[in-house]
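Asker: Let me give you the structure first, and then I'll get to my questions.
In UniProt numbering, the protein residues as written are 1 to 271.
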């Protein structure tokens with residue numbers, strides 16, 4: 001989607017602010033390294049810059065990569081929010097490029113064409129965490145014939161979309177919006193209304209065994225891993241990495257029955 005250069009991200013910011021390559025690609029190219037974080041840690045993650053990547057192993061071949069992407073030109077102010085504020089005051093909706101050049105220092109060639117900007121996340125729809133699910137087995141099987149992500153269901157490099165709908169790369173039936181290329185609801189941050197729609201009752205956003213999406217491995221096994229208390233978008237975002245070995249479902253067995261053994265004699269799964 002729009003979060004990676006080699007997909008829809010090449011056209012971010014009206015084509016002037018292409019997205020950087022995704023987190024796995026930057027590591028594979030040798031441009032960055034990731035810090036491995038184990039459970040029971042509070043993580044403070046600065047916004048995307050060299051080597052600001054977190055890696056959380058979940059199996060021998062799978063892990064999560066987490067990065068903090070920031071699209072603001074001023075504190076908590078993005079280009080699109082500036083455009084909307086100007087429209088509210090003047091009823092004039094200024095072009096994206098006008099606000100870009102007025103808000104940040106850009107490099108231009110002799111013809112006035114913008115050649116670089118200070119932050120290539122400015123073209124994103126929001127700020128927040130991106131959580132990538134990486135499967136090295138799938139990558140190794142598909143890297144020689146460019147089929148790493150040819151299977152929509154089991155991808156080698158997969159974005160865990162915070163809205164709970166894994167729709168990036170799928171056909172789009174919407175007339176006026178296209179979530180299949182990525183949008184603000186896919187990013188992880190406190191106050192994301194799309195996340196809250198599917199995950200009611202949580203004080204802070206959480207990516208865990210029972211959330212939508214969840215932290216299961218690609219074979220469906222629970223990793224018992226949780227990324228909790230995700231903060232609001234900021235230059236440095238914080239979250240906890242925790243794990244549990246709890247494998248017994250809540251309420252089972254029912255000790256109020258005073259039974260030493262529970263057995264399903266008729267194998268109906270009920271009594």
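Glycine included, every Cβ here is placed at the ideal spot set by N, Cα and C.
Quick check: the Cα distance between residue 216 and residue 78, rounded to an integer number of angstroms?
Answerer: 34 Å
Asker: Evaluate contact between the region 33–41 and the region 137–154, counting only Cβ atoms and requiring at least three cross-stretch pairs below 8 Å.
Answerer: no
Asker: Could you check how far apart the C-beta atoms of residue 129 and residue 237 are, in whole angstroms? I think they sit under 8 Å.
Answerer: 6 Å
Asker: Under the three-state reduction of DSSP, which class applies to residue 14: helix, strand or coil?
Answerer: In the three-state reduction of the DSSP assignment, residue 14 falls in the helix class, which pools H, G and I.
Asker: Looking at residue 26: is its Cβ nearer than 8 Å to the Cβ of residue 97?
Answerer: no
Asker: If you draw a straight line from the alpha carbon of residue 103 to that of residue 162, how long is it in whole angstroms?
Answerer: 29 Å
Asker: In the DSSP output, which residue or residues are listed as bridge partners for residue 159?
Answerer: 132
Asker: Whole angstroms are fine: how far does the CA of residue 116 sit from the CA of residue 201?
Answerer: 43 Å
Asker: Do three or more CB pairs link the region 184–202 to the region 6–25 at distances below 8 Å?
Answerer: As far as the Cβ criterion goes, the region 184–202 does not touch the region 6–25, which means the pair count is below three.
Asker: So who's on the other strand from residue 45, going by DSSP bridges?
Answerer: 237
Asker: Mind the definition here: the region 147–154 touches the region 119–128 only if three or more C-beta pairs lie below 8 Å; say whether that holds.
Answerer: No contact exists between the region 147–154 and the region 119–128.
Asker: Which residues does DSSP list as the beta-bridge partners of residue 68?
Answerer: 47 and 129
Asker: For residue 248 and residue 228, what's the separation of their Cα atoms in angstroms?
Answerer: For residue 248, the predicted structure reports a pLDDT of 45, less than 50, and the residue's modelled location is therefore unreliable. A value from the coordinates is still provided. Rounded to the nearest angstrom, the two C-alpha atoms are 21 Å apart.
Asker: Find out if the Cβ-Cβ distance for the pair residue 213, residue 160 is shorter than 8 Å.
Answerer: yes
Asker: Using the beta-carbon count (16 or more within 10 Å), is residue 30 buried or exposed?
Answerer: exposed
Asker: Should residue 134 and residue 188 be called a contact, given that it needs their Cβ atoms to be closer than 8 Å?
Answerer: In this structure, residue 134 keeps its C-beta atom at 8 Å or more from the C-beta atom of residue 188.
Asker: Determine the closest residue to residue 165 out of 190, 226, 197 and 145, with distance taken between C-alpha atoms.
Answerer: 197
Asker: What does a CB cutoff of less than 7 Å around residue 239 pick up in its chain, not counting 5 residues either side in sequence?
Answerer: 43, 227, 228, 229, 230 and 231
Asker: With DSSP as the reference, please indicate the residues paired to residue 107 in a beta bridge.
Answerer: 116
Asker: How would you label residue 145, buried or exposed, when you count the other beta carbons within 10 angstroms and need 16 or more for buried?
Answerer: exposed
Asker: Which residues in the same chain have their Cβ closer than 6 Å to the Cβ of residue 211, if we skip the five residues on either side of it in sequence?
Answerer: 199
Asker: So for residue 248, helix, strand or coil by DSSP?
Answerer: Here residue 248 scores only 45 on pLDDT, less than 50, and its place in the model is too uncertain to base an answer on.
Asker: Who are residue 210's beta bridge partners in DSSP?
Answerer: BP columns for residue 210 are empty, so no partner.
Asker: Can you tell which of 111, 95, 56 and 243 has its C-alpha closest to the C-alpha of residue 66?
Answerer: 56
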